[in-house]
Amino acid sequence: MDLLRERAERAIEQPDAQTALIALAVEFKTEGMTEAEVMELYCEFLRKRQDDTDETKYDAIFEALTLVGGHCSSSCHIFGEHYDAGFVASLVKRGFHD
Numbered sequence: 045m046d047l048l049r050e051r052a053e054r055a056i057e058q059p060d061a062q063t064a065l066i067a068l069a070v071e072f073k074t075e076g077m078t079e080a081e082v083m084e085l086y087c088e089f090l091r092k093r094q095d096d097t098d099e100t101k102y103d104a105i106f107e108a109l110t111l112v113g114g115h116c117s118s119s120c121h122i123f124g125e126h127y128d129a130g131f132v133a134s135l136v137k138r139g140f141h142d
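One gets my numbering by counting positions in the sequence shown from 1 and adding 44 to each.
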């Protein structure tokens with residue numbers, strides 16, 4: 045799990061942490077991790093960032109968790125059968141809430 049944490053930490057420290065975390069979640073899925081395992085890992089980092097004065101990293105983790113946990117449309121749910129990476133990329137590019 046330490047290697048997984050290191051990979052997640054590196055993604056969080058990227059300039060575009062949201063995109064990096066989404067891509068990492070897809071990698072984790074491809075490598076055989078379950079939705080629950082990725083949720084647990086990302087929630088751990090979310091808790092660590094909850095008191096940050098700059099909420100940028102917290103928001104990036106939260107948005108990635110939304111896609112991991114399926115609190116989004118079926119085409120955005122990374123672990124869902126209708127996941128559409130192209131659609132998610134377009135959302136990330138323009139901003140989820142724009």
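Note that beta-carbon positions come from the ideal geometry of N, C-alpha and C, so glycine has one too.
- Contact check for Phe131 against Ser119 passes: the beta carbons are separated by less than 7 Å.
- Its Cα nearest to that of Arg138, the residue Gln62 stands out among Lys73, His121, Gln62 and Glu53.
- The beta carbon of Phe72 sits closer than 7 Å to the beta carbons of Val82 from its chain, once the five residues preceding and following it are set aside; these are given in chain order.
- Look at Thr97 here: in three-state DSSP terms it is coil, with no helix or strand label.
- In the structure shown, Cys87 falls within a helical segment according to DSSP collapsed to helix, strand and coil.
- In this model, Ala129 and Asp95 are separated by some 31 Å (Cα to Cα).
- Gln62 carries a helical assignment under DSSP once its states are collapsed to helix, strand and coil.
- In this chain, Ser119 is not harboured by any alpha helix (DSSP H), its DSSP state being neither H nor E.
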